[in-house]
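Protein chains: 4
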Amino acid sequence: MNGSLKWKYELHEIIFESDTVKGKIFDIILLFFISLSTLIIMLESVSKINNEIGFWLYILDWWVTISFTIEYFLRLISVKNRWKYMTSFYGLIDLLTIIPTYLSIFFIQSHYLAIIRIFRLFRVFKILKLANYIDESNTMLITLKNSKRKIFVFLYFILLITLILGALMYVIEGENFSSIPQSMYWAIVTLTTVGYGDIAPHTVLGKIIASGIMILGYSIISVPAGLLSVEYRRNKIYKQNTQVCRYCMAENHEVDAIYCKRCGHLLNENLNTTDNPE
Amino acid sequence: MNGSLKWKYELHEIIFESDTVKGKIFDIILLFFISLSTLIIMLESVSKINNEIGFWLYILDWWVTISFTIEYFLRLISVKNRWKYMTSFYGLIDLLTIIPTYLSIFFIQSHYLAIIRIFRLFRVFKILKLANYIDESNTMLITLKNSKRKIFVFLYFILLITLILGALMYVIEGENFSSIPQSMYWAIVTLTTVGYGDIAPHTVLGKIIASGIMILGYSIISVPAGLLSVEYRRNKIYKQNTQVCRYCMAENHEVDAIYCKRCGHLLNENLNTTDNPE
Amino acid sequence: MNGSLKWKYELHEIIFESDTVKGKIFDIILLFFISLSTLIIMLESVSKINNEIGFWLYILDWWVTISFTIEYFLRLISVKNRWKYMTSFYGLIDLLTIIPTYLSIFFIQSHYLAIIRIFRLFRVFKILKLANYIDESNTMLITLKNSKRKIFVFLYFILLITLILGALMYVIEGENFSSIPQSMYWAIVTLTTVGYGDIAPHTVLGKIIASGIMILGYSIISVPAGLLSVEYRRNKIYKQNTQVCRYCMAENHEVDAIYCKRCGHLLNENLNTTDNPE
Amino acid sequence: MNGSLKWKYELHEIIFESDTVKGKIFDIILLFFISLSTLIIMLESVSKINNEIGFWLYILDWWVTISFTIEYFLRLISVKNRWKYMTSFYGLIDLLTIIPTYLSIFFIQSHYLAIIRIFRLFRVFKILKLANYIDESNTMLITLKNSKRKIFVFLYFILLITLILGALMYVIEGENFSSIPQSMYWAIVTLTTVGYGDIAPHTVLGKIIASGIMILGYSIISVPAGLLSVEYRRNKIYKQNTQVCRYCMAENHEVDAIYCKRCGHLLNENLNTTDNPE
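The following block contains the structure:
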């Protein structure tokens with residue numbers, strides 16, 4: 001390993017890994033910069049604050065952007081397969097979130113693009129390795145994937161209800177319910193029990209139908225969670241232990257069980273444990 | 001099979017089945033027409049859009065309606081028992097949703113009838129065969145049927161609460177709570193945690209009672225879901241173990257049962273367990 | 001049994017029981033009168049309707065009240081222990097709901113008392129024998145009784161949160177949060193996710209705290225249901241089958257199980273069933 | 001034990017314990033004073049009441065404060081380790097809640113400090129020994145501790161959603177959505193289904209996105225409760241079966257376990273089951 005390679009390897013360790021002291025310091029600095037960047041975006045949007053300290057926020061934003069730009073090139077240098085990094089999810093996030101500030105030089109009205117910088121927050125997941133720690137995440141994804149059709153049918157059912165009730169309320173109420181899409185929006189606001197109150201029924205029949213929607217929404221509130229939880233528990237159990245005792249056919253052993261909790265026989269006879277009672 | 005019959009049979013295959021390529025193409029065209037029809041109904045109701053492109057929407061609607069009329073007659077021709085199709089759920093939907101456009105020639109103010117065309121959306125369920133795919137739907141229907149009385153009692157309980165609290169608030173508040181039905185409407189809005197805010201208590205006593213209703217509503221929010229889920233799980237379990245004891249014909253064994261809970265005989269005699277009591 | 005007694009006995013059968021044809025007809029008439037009475041109360045409260053047909057509602061109300069008065073005396077005659085009936089829950093309801101109309105002769109402003117007539121609705125429970133049909137009701141009552149302390153602590157916890165947060169918001173917001181009780185009312189409206197919007201925070205700090213309350217309320221929404229459901233399931237299981245197999249110690253047998261589902265031994269050996277496999 | 005010590009011991013029994021008659025009377029008086037104090041704070045904040053009987057509330061407050069001051073010194077005298085009491089949770093509460101009234105002599109505007117007196121309510125938990133009675137509380141604390149990371153990720157997820165959606169709505173809506181923090185506040189109000197209605201979308205795109213947030217919020221409403229309940233049930237089960245295997249010291253057996261799941265030895269050797277594998 002020559003000097004150049006060693007230098008690259010060390011850089012890779014600092015930037016991508018966090019098991020060295022330097023790597024951990026780098027991660028903390030990164031977290032600070034991401035938080036700072038998010039704070040700048042939020043403060044810039046408050047016109048009162050922007051009028052007062054807008055210039056300093058602009059300077060800070062440039063400082064943060066240049067830092068992230070340098071970091072992006074350091075990442076590019078240290079990785080072996082540059083193209084793979086550039087097209088990876090986090091590689092794209094890294095690139096996309098530094099572009100808006102540079103574009104603001106050429107286009108004055110880059111207001112909307114500035115919002116993209118918020119996606120830097122996704123990197124927190126990677127830095128804190130949250131996904132690894134939560135062993136639920138994988139089960140959750142499988143659950144969502146398996147329940148895809150159920151979720152689709154549930155959403156189609158919601159769409160159907162809101163369309164039919166929206167159309168009905170449009171005919172009955174008129175006034176605030178000025179169009180079917182508007183009535184559908186109201187139906188969703190009511191069905192989900194949000195209830196802004198900017199649109200509300202005024203006729204007797206409208207109020208009766210609205211009451212029905214409210215009770216319906218109130219009743220089916222835990223259906224989606226129920227759909228997921230049933231599937232989730234099934235995935236969880238399957239993941240844990242699928243062994244069935246050969247002697248008494250008892251199922252549902254805990255994931256760390258070696259012996260059958262019902263009859264005491266060894267669950268997996270290929271295992272030769274040292275503390276075998278037989 | 002002569003030419004006429006073969007032609008009818010092929011037409012039936014295309015229109016009613018979807019296992020041939022032609023049948024699948026027909027279904028996709030149908031889905032497109034249903035979506036288009038729904039979009040037309042929604043856009044027509046937005047006065048701004050209707051003023052601008054109302055004429056084109058009118059033309060499009062006639063095109064869709066004539067297409068659906070032709071499809072209806074093709075269905076009538078291809079089926080064996082015409083009366084059975086016409087009186088079936090989907091047969092009635094097919095007929096009902098093409099009538100409003102024709103009526104609009106004779107009656108200018110067919111505004112309300114136009115809404116009926118929305119029911120075309122129900123056909124999406126049949127086309128996508130959603131009901132078949134979700135093996136839950138049957139269990140769900142049994143659950144709803146078995147819980148009928150519970151649901152009725154729950155709704156009667158809601159009615160009773162809203163009547164008593166509505167009457168109480170009418171006496172206490174007056175003002176916005178201008179009548180008992182109005183107060184009942186408010187009680188439902190509050191109990192279901194929708195909370196529009198168009199009617200809200202202003203007296204101290206009124207606010208105390210309202211707080212009570214809110215906490216009550218907040219507490220019983222998962223009761224209906226709970227009622228259903230208990231029943232649902234029971235139906236699910238019964239469904240899973242379909243074994244019937246060969247000796248006493250007892251059914252409804254639990255999913256992990258090995259011996260008949262009625263007469264003690266082995267349920268599945270292919271299993272040779274070591275701890276057999278016989 | 002002489003004529004007078006037989007007449008009383010027959011009257012009792014008609015009024016209190018519903019297994020004869022006459023008894024069932026009586027129940028249906030009673031249900032009609034209760035529904036009519038409730039409708040009158042509701043319509044009387046709507047000033048527009050009361051102005052128009054108030055006189056006829058007044059006549060109808062007197063007719064209903066006199067009918068219920070006659071029924072009350074018939075009940076008094078037919079029962080053996082009159083005092084026991086008069087002091088029973090339904091006896092008191094029967095008496096209380098006929099008094100307001102008679103009082104309206106002496107006191108013009110009996111507006112508030114009129115509301116008492118609504119309690120007639122409670123009798124629907126008795127007529128439809130709803131309580132008997134739902135075998136859950138008993139378990140539900142035991143559950144509520146056993147969870148008394150938990151419910152009390154939960155409500156005390158809600159009171160504590162609303163008091164502290166209400167006091168905090170009163171100090172921070174001022175304006176609409178004009179007093180601590182007012183702020184507490186707002187905290188309950190927010191915590192239960194009702195959100196009328198008549199009182200809403202306007203300061204930055206107020207909005208941050210309000211966001212916290214909302215997320216808290218959103219998170220603990222299923223705690224009360226959870227508290228009850230855990231207790232409820234426990235009661236349900238205990239009620240069903242407490243037998244433990246003497247041979248394999250398996251528990252949680254279904255309520256109709258005679259043999260152990262695990263090892264096939266007789267669960268209760270005092271039972272000598274005819275189809276014993278041993 | 002001399003007179004002075006006996007006197008202190010008796011005082012300690014009355015103030016800190018509640019198994020003597022005197023101790024119970026002391027607790028009831030304390031509960032009365034705490035309730036009175038809370039009532040004074042609430043009434044003082046209502047300007048109409050404060051204008052009328054403000055002077056009497058001021059007198060009452062001084063009386064309560066002096067009583068609590070005497071109680072504080074009695075507690076200090078009766079305990080053995082004064083420093084330990086003073087730095088304990090309840091010791092600090094006791095001290096903190098008497099200071100504001102004394103400070104009000106020197107600082108006229110002690111409005112904000114007065115709120116601190118509300119924390120006296122925490123003492124109700126100790127007096128009623130609520131924590132002891134609910135055997136759930138310990139399990140609940142363990143559950144919260146074990147779910148710490150999950151709760152953190154859930155809150156981070158909420159923050160991320162509200163930030164991204166808030167920023168999006170700020171760009172789309174403008175007007176009421178005057179800044180990103182303001183839009184985030186709206187997103188939380190909507191996601192938790194509170195829905196004040198003081199900020200509501202007016203554009204078509206804004207309403208579509210808002211509908212999405214509502215359905216999302218409506219769908220994930222029972223996720224936090226689900227996260228806790230899974231963990232909670234696990235802790236509950238572990239707590240129930242307290243047996244430790246005599247052979248391999250394995251803990252955490254399921255409640256229906258007979259044999260150690262680690263080494264296969266009988267857990268409770270007093271049980272002589274017939275199907276013993278040894």
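Chains as they are written, first to last, in UniProt numbering: chain P, 1 to 278; chain A, 1 to 278; chain W, 1 to 278; chain Y, 1 to 278. Built from N, CA and C at the ideal position, the CB exists for glycine as well.
Residue i in three-state terms, based on DSSP
i                            : result
leucine 175 of chain W       : One point to set straight first is that residue 175 of chain W is glutamate, not leucine, in the sequence displayed. Looking at glutamate 175 of chain W - three-state DSSP - the assignment turns out to be coil, as it is neither helix nor strand.
glycine 195 of chain P       : coil
glutamate 13 of chain W      : helix
leucine 5 of chain Y         : helix
leucine 43 of chain Y        : helix
aspartate 19 of chain P      : coil
threonine 69 of chain Y      : helix
isoleucine 164 of chain W    : helix
tyrosine 112 of chain P      : coil
leucine 57 of chain A        : helix
alanine 200 of chain P       : coil
leucine 128 of chain Y       : coil
serine 88 of chain W         : coil
valine 79 of chain W         : coil
isoleucine 215 of chain Y    : helix
threonine 97 of chain P      : coil
phenylalanine 106 of chain Y : helix
Cβ shell of residue i (< 6 Å), same chain only, five flanking positions each side left out
i                            : result
glycine 91 of chain P        : Tyr85
leucine 11 of chain Y        : Ser78
phenylalanine 177 of chain Y : Met169, Tyr170, Ser183
isoleucine 49 of chain W     : Leu43
Cβ-based neighbour list, residue i, same chain, cut-off 7 Å, excluding 5 preceding and 5 following
i                        : result
threonine 87 of chain W  : none
isoleucine 15 of chain Y : Phe26, Leu74, Arg75, Ser78
histidine 30 of chain Y  : Residue identity differs from the one stated: residue 30 of chain Y is leucine in this sequence, not histidine. If we look at leucine 30 of chain Y and ignore the five residues flanking it on each side, its Cβ neighbours are Ile127.
leucine 113 of chain P   : Pro100, Leu103
glutamate 13 of chain P  : Thr20, Gly23
Residue i: CB within 7 Å of a non-hydrogen atom of the ligand MN
i                         : result
isoleucine 180 of chain W : Judged by which ligands are present, the structure shown has none, so any question about the ligand MN falls away.
Under 7 Å by beta carbon: chain Y residues contacting residue i
i                         : result
leucine 121 of chain P    : Leu160, Leu163
isoleucine 118 of chain P : Leu163, Ile164, Ala167
Per-residue contacts from residue i into chain P (C-beta, under 7 Å)
i                         : result
isoleucine 151 of chain Y : Those within 7 Å of isoleucine 151 of chain Y in chain P number zero; the least Cβ separation is about 11 Å.
leucine 155 of chain Y    : Chain P residues near leucine 155 of chain Y: none, gap ~12 Å exceeds 7 Å.
Chain-order list of residues whose beta-carbon lies under 8 Å from that of residue i (same chain, five-residue window excluded)
i                        : result
leucine 60 of chain A    : Leu36, Ile40
glycine 54 of chain P    : Glu44
threonine 162 of chain P : Met184, Ala187, Ile188, Leu191
Neighbouring residues, chain A, relative to residue i (Cβ below 8 Å)
i                      : result
tyrosine 72 of chain W : Those do not exist, as tyrosine 72 of chain W stays about 22 Å from chain A at its closest Cβ, beyond 8 Å.
Partner residues on chain W for residue i, Cβ-Cβ distance less than 7 Å
i                    : result
valine 46 of chain Y : Ser179, Pro181
Contacts that residue i makes with chain P (C-beta to C-beta distance below 8 Å)
i                        : result
isoleucine 41 of chain A : Ala167, Ile180
Chain P contact residues for residue i, given Cβ-Cβ distances below 9 Å
i                      : result
tyrosine 58 of chain Y : Correct list: empty, because the minimum Cβ distance to chain P is about 40 Å.
Item to check | Three or more C-beta pairs below 8 Å linking the region 158–172 of chain Y and the region 193–210 of chain W | outcome: Segments in contact, no.
Item to check | Within 9 Å of chain P by C-beta, residues of the region 185–216 of chain W in sequence order | outcome: Of all residues in the region 185–216 of chain W, the ones placed with a Cβ closer than 9 Å to any Cβ belonging to chain P are Thr193, Val194, Gly195, Tyr196, Gly197, in chain order.
Item to check | contact_flag[the region 41–57 of chain Y, the region 180–189 of chain W] where n(CB pairs < 8 Å) is 3 or more | outcome: Verdict: yes, contact present.
Checklist entry - What residues in the region 76–105 of chain W have a beta carbon less than 9 Å from any beta carbon of chain A? => result Cβ contacts with chain A come from no residue of the region 76–105 of chain W.
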